[in-house]
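Colleague: Residue numbers (our numbering), protein chains in the order written: chain B, 42 to 153; chain S, 2 to 116. Supplied in structure tokens, the structure appears directly below.
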């Protein structure tokens with residue numbers, strides 16, 4: 042079975058910390074995505090990548106950056122965590138336009 | 002602008018009753034459409050997808066959805082709901098032409114099932 046693995050299910054960080062969320066897929070997918078999910082707002086796209094070392098801003102990139110040094114790994118970085126970044130973060134990957142996304146289980150981040 | 006609307010935030014049905022979750026989209030290009038389900042504390046699982054052909058598509062867990070271009074809708078249905086169907090459901094739309102492989106998601110519909 043194909044898999045998208047997010048390294049942490051739960052994280053608690055302090056305001057101002059630099060936070061790394063890791064995502065690894067084993068499907069050789071070109072496209073990878075980071076979303077945040079908040080009640081009543083659905084999923085909002087933060088960043089995505091369609092190739093190694095390539096990245097594109099999504100709808101809410103402010104306060105975030107990403108890194109994709111290898112095809113299978115896509116990291117989300119919170120440069121200086123703030124309380125309004127407390128959220129569920131979902132990573133996904135896809136092979137092509139019609140194939141849909143495969144999601145990881147999510148990381149629930151709390152910034153205190 | 003591209004958008005997906007799920008008009009119902011919460012729906013409660015009795016076990017064994019039929020279910021319809023609504024989804025309306027706004028997308029200029031030829032859309033392709035998905036329904037995902039999310040159990041508590043989990044990621045999203047693909048239920049079904051549509052991008053061409055028969056407008057009635059079958060998915061996993063006994064779900065189906067019908068694409069109606071004239072109504073810009075892609076409603077999800079199930080004839081008889083089971084208690085295990087309690088979850089949050091997301092509709093998503095993407096484009097088959099141009100741009101990147103990005104999906105736009107609705108805000109979700111939370112389904113509760115009464116015994």
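No residue lacks a Cβ here, since even glycine has one placed at the ideal position from N, Cα and C.
How long is the line joining the alpha carbons of residue 16 (chain S) and residue 78 (chain S), rounded to whole angstroms?
Modeller: Sequence index remark: in the second chain, residue 16 (chain S) carries index 15 (1-based). Sequence index remark: in the second chain, residue 78 (chain S) carries index 77 (1-based). Residue 16 (chain S) and residue 78 (chain S): Cα-Cα distance of roughly 14 Å.
Colleague: To the nearest angstrom, how far is the alpha carbon of residue 137 (chain B) from that of residue 49 (chain S)?
Modeller: In the first chain, the residue the question calls residue 137 (chain B) occupies position 96. In the second chain, the residue the question calls residue 49 (chain S) occupies position 48. Roughly 16 Å between the two C-alpha positions.
Colleague: With residue 89 (chain B) and residue 99 (chain B) assumed to form a contact (beta carbons below 8 Å), what rounded beta-carbon distance in angstroms separates them?
Modeller: Position 48 of the first chain, counted from the start, is the residue given in the question as residue 89 (chain B). Position 58 of the first chain, counted from the start, is the residue given in the question as residue 99 (chain B). Yes, they are in contact, since the Cβ atoms of residue 89 (chain B) and residue 99 (chain B) sit about 6 Å apart, within 8 Å.
Colleague: For residue 76 (chain S) versus residue 20 (chain S), is the C-beta spacing smaller than 8 Å?
Modeller: For the purposes of this step, residue 76 (chain S) is taken as the residue at position 75 of the second chain. For the purposes of this step, residue 20 (chain S) is taken as the residue at position 19 of the second chain. Result no, Cβ atoms of residue 76 (chain S) and residue 20 (chain S) do not sit closer than 8 Å.
Colleague: What does residue 135 (chain B) touch in chain S if you count any residue whose Cβ is under 8 Å from its own?
Modeller: In the first chain, the residue the question calls residue 135 (chain B) occupies position 94. Within chain S, the residues near residue 135 (chain B) are 102.
Colleague: If you measure from the beta carbon of residue 48 (chain B) to each beta carbon in chain S, is any gap under 8 Å?
Modeller: In the first chain, residue 48 (chain B) corresponds to position 7, counting from 1. No, its Cβ sits nowhere closer than 8 Å to a Cβ of chain S.
Colleague: Given 8 Å as the limit, is there contact between the stretch 49 to 68 of chain S and the stretch 122 to 132 of chain B, that is, 3 or more CB pairs closer than that?
Modeller: Contact between the stretch 49 to 68 of chain S and the stretch 122 to 132 of chain B is absent, because fewer than three Cβ pairs lie under 8 Å.
Colleague: Use the C-beta contact count for residue 103 (chain S): other C-beta atoms within 10 angstroms, 16 or more gives buried, fewer gives exposed.
Modeller: Residue 103 (chain S) sits at position 102 when you count from the first residue of the second chain. Residue 103 (chain S) comes out buried.
Colleague: What does residue 6 (chain B) touch in chain S if you count any residue whose Cβ is under 7 Å from its own?
Modeller: An answer regarding residue 6 (chain B) cannot be provided, because it is not within the stretch 42 to 153 covered by chain B.
Colleague: Would you kindly check if the distance between the Cβ of residue 82 (chain B) and the Cβ of residue 104 (chain B) is under 8 Å?
Modeller: Looking up residue 104 (chain B) in the first chain gives position 63. Looking up residue 82 (chain B) in the first chain gives position 41. Contact flag unset, no.
Colleague: If you measure from the beta carbon of residue 72 (chain B) to each beta carbon in chain S, is any gap under 8 Å?
Modeller: As a first step, residue 72 (chain B) must be located in the first chain, where it is residue number 31. It does: the Cβ of residue 72 (chain B) has a partner Cβ on chain S nearer than 8 Å.
Colleague: Could you list which residues in chain S have their beta carbon closer than 8 Å to that of residue 82 (chain B), in chain order?
Modeller: Residue mapping note: residue 82 (chain B) aligns to position 41 of the first chain, counting from 1. Residues of chain S passing the Cβ test: 108.
Colleague: Could you give the residue range of the beta strand (DSSP E) that holds residue 59 (chain S)?
Modeller: The residue given as residue 59 (chain S) occupies position 58 in the second chain. Where residue 59 (chain S) is concerned, the enclosing beta strand (DSSP E) stretches over 57 to 59.
Colleague: Does any CB atom of chain B fall closer than 8 Å to the CB of residue 62 (chain S)?
Modeller: On the second chain, position 61 is the one that residue 62 (chain S) refers to. Judged by the 8 Å Cβ criterion, residue 62 (chain S) is not in contact with chain B.
Colleague: For residue 76 (chain B), which of B:57, B:69, B:97 has the nearest alpha-carbon?
Modeller: For the purposes of this step, residue 76 (chain B) is taken as the residue at position 35 of the first chain. Of the listed residues, the one whose Cα sits closest to residue 76 (chain B) is B:97.
Colleague: Under the three-state reduction of DSSP, which class applies to residue 7 (chain S): helix, strand or coil?
Modeller: To locate residue 7 (chain S), count along the second chain from 1; it is residue 6. Three-state result, residue 7 (chain S): coil.
Colleague: For residue 83 (chain S), count neighbouring C-beta atoms within 10 Å of its own C-beta (all shown protein chains included) and say buried if the count is 16 or more, exposed if not.
Modeller: For the purposes of this step, residue 83 (chain S) is taken as residue 82 along the second chain, with counting starting at 1. Residue 83 (chain S) comes out exposed.
Colleague: Which residues does DSSP pair with residue 46 (chain B) in a beta bridge?
Modeller: To locate residue 46 (chain B), count along the first chain from 1; it is residue 5. DSSP lists B:65 as partners of residue 46 (chain B).
Colleague: Taking only the alpha-carbon atoms, compute the straight-line gap between residue 10 (chain S) and residue 114 (chain S) and give it to the nearest angstrom.
Modeller: The sequence position of residue 10 (chain S) within the second chain is 9, counting from 1. The sequence position of residue 114 (chain S) within the second chain is 113, counting from 1. Roughly 14 Å separates the two Cα atoms.
Colleague: Excluding the five sequence neighbours on either side, which residues of its own chain have a C-beta within less than 6 Å of the C-beta of residue 62 (chain B), listed in chain order?
Modeller: Position 21 of the first chain holds residue 62 (chain B). So the list reads 117, 130, 148, once near-sequence residues are dropped.
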